[in-house]
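Per the working numbering, the very first residue in the sequence shown carries number 330; after that it's consecutive.
Only one structure is covered here, and it is reproduced in the block below.
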Amino acid sequence: MGTLRAHIVLPQELIEEIDRVVGPRGRSAFLVETAQAELRRRRLLSFLHSKGPVWKDADHPELAAGTATWVRTMRQENEARDIPGESQENLS
């Protein structure tokens, strides 16, 4: 991800408080993290207020035969990957 320089104007008191918390060298990183968190929050709020359906069958074709079938298949695939004679405790 590239970066761009942006000129923003903030109240002096806010900059001083940010600097007290993260230091002047941590200001940019703090503002990036804060902006990203706020954008995530706003996207979530937008999603929660949306009127459209959340779940679309077309987005989950693996569940077309039903969730029980999908779970059974996942368990079988997991068992097929297990090493014969090894317990899960020995693998960690």
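For each residue, glycine too, the CB sits at the ideal point set by N, CA and C.
Just so you know, these numbers come straight off a predicted model, no measurement behind them.
Whole-angstrom distance between LEU392 and PRO340, CA atom to CA atom = Taking the sequence shown and counting its residues from 1, one reaches residue 340 at position 11. Taking the sequence shown and counting its residues from 1, one reaches residue 392 at position 63. Taking the straight line joining both Cα atoms gives about 53 Å.
The alpha helix (DSSP H) enclosing SER379, as first and last residue numbers
Counting from one through the sequence shown, the residue named residue 379 turns up at place 50. It is not in any alpha helix (DSSP H) - SER379 carries neither H nor E in the DSSP assignment.
Discussion item. Assuming TRP384 is part of the alpha helix (DSSP H), what are its boundary residues?
Written reply: Position 55 of the sequence shown, counted from the first residue, corresponds to residue 384. Run containing TRP384: none; DSSP gives neither H nor E here.
So, are the CB atoms of VAL350 and ALA358 less than 9 Å apart?
What you label residue 350 is simply residue 21 of the sequence shown in a count that begins at 1. What you label residue 358 is simply residue 29 of the sequence shown in a count that begins at 1. Taking 9 Å as the Cβ cut-off, VAL350 and ALA358 do not qualify as a contacting pair.
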